[in-house]
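Chains as they are written, first to last, in the working numbering: chain A, 753 to 883; chain B, 753 to 883. Cβ atoms here follow ideal geometry from the backbone N, Cα and C, with glycine treated the same way.
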């Protein structure tokens, strides 16, 4: 485990311990969020979704990834503002933009694209820095 | 601090301690992610952005919110797939859809909408469940 990841988790634990119940930890997560949405060419294919999710999980092994969340649309209330048209979601946390760049150029990421990009028709990426 | 939040953080710490360095924790975060993007009516107004971010921070006080990340577009590489047109980002983690529903109906959330909805022209919500 890297020093940075250990530091982050220690910090998160400290915040939680110090919390008195009323306030949730805010921005105790690593600062940079990389959120990617995928729309499969064949949205009805469970097999393609499973392949994509399996590919996504390999990304968590990249050294600069501090935490990861992979998923699908949740069954929350349908509202006009909710976009649940995507097939899969990838959320990765990094310490900074350098960590995100290292991920972008990493062989594991390139392998994922080579293995899985034929599955999707559209990708949208949001990179967010804590503010 | 709620029992659930304490349990989550303890679990995360356990995973981290057990990690041997090669693999990052995957989906050790609470399962439901509620990610909202806001486009301000006046994207150039630093004051409006500050008001919106201040309003967003109040949401972390809702009991079912397990963790929160608020931010703005990161200065990552510009690519066709990257959408950096939004003004602010809200990421909240919940244990489940019931927790997200409780947040949706919570007085703090309603107050936030009453105080801040005049600031934005567009909102897009993505709800993701771990898979």
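Note to self: Using a Cβ-Cβ distance cut-off of 8 Å, determine whether residue 879/A contacts chain B.
What the structure shows: yes
Notebook entry, point to check: Thinking just about the alpha-carbon of each residue, which of 833/B, 803/B and 831/B is nearest to the one in residue 823/B?
Noted result: 803/B
Next item on the list: Would you please verify whether the beta carbon of residue 774/B is less than 8 Å from any beta carbon of chain A?
Entry: For residue 774/B, the predicted model reports a pLDDT of 41, less than 50, meaning its position is unreliable; a value from the coordinates is still stated below. It does: the Cβ of residue 774/B has a partner Cβ on chain A nearer than 8 Å.
Check: Leaving out the 5 sequence neighbours to the left and right, which residues in its chain are closer than 8 Å to residue 792/A when beta-carbon positions are compared?
Finding: 800, 801, 804, 839, 840, 871, 872 and 873
Notebook entry, point to check: Under 8 Å between C-beta atoms, does residue 823/A make it to chain B?
Noted result: yes
Note to self: Does residue 852/A pass the burial test, meaning 16 or more other C-beta atoms within 10 Å, or should it be called exposed?
What the structure shows: buried
Next item on the list: Measure the CB-CB distance between residue 877/A and residue 875/B and report whether it falls below 8 Å.
Entry: no
Check: Which whole-angstrom value describes the C-beta separation of residue 787/A and residue 787/B, a residue pair presumed to lie in contact below a C-beta threshold of 8 Å?
Finding: 6 Å
Margin query: Extract the residue ranges of the beta strand (DSSP E) inside the stretch 815-853 of chain A, only unbroken runs of 3 or more that lie entirely within it.
Written below: 819-825 and 840-846
Margin query: Could you compute how far the alpha carbon of residue 881/B sits from the alpha carbon of residue 843/A?
Written below: 11 Å
Check: When the cut-off is 8 Å and only beta carbons count, does residue 863/A lie next to chain B?
Finding: no
Margin query: For residue 800/A, report the span of its alpha helix (DSSP H) as first-last.
Written below: 798-810
Next item on the list: Below 6 Å CB to CB, which residues in the same chain sit around residue 858/A once its five sequence neighbours on both sides are set aside?
Entry: 814
Next item on the list: Rounded to whole angstroms, what's the CA-CA distance from residue 879/B to residue 829/A? Just pull it up for me.
Entry: 10 Å
Check: Is the beta carbon of residue 845/B sitting closer than 8 Å to the one on residue 781/B?
Finding: yes
Item checked: Rounded Cβ spacing between residue 847/A and residue 784/A (contact assumed at less than 8 Å) -> 7 Å
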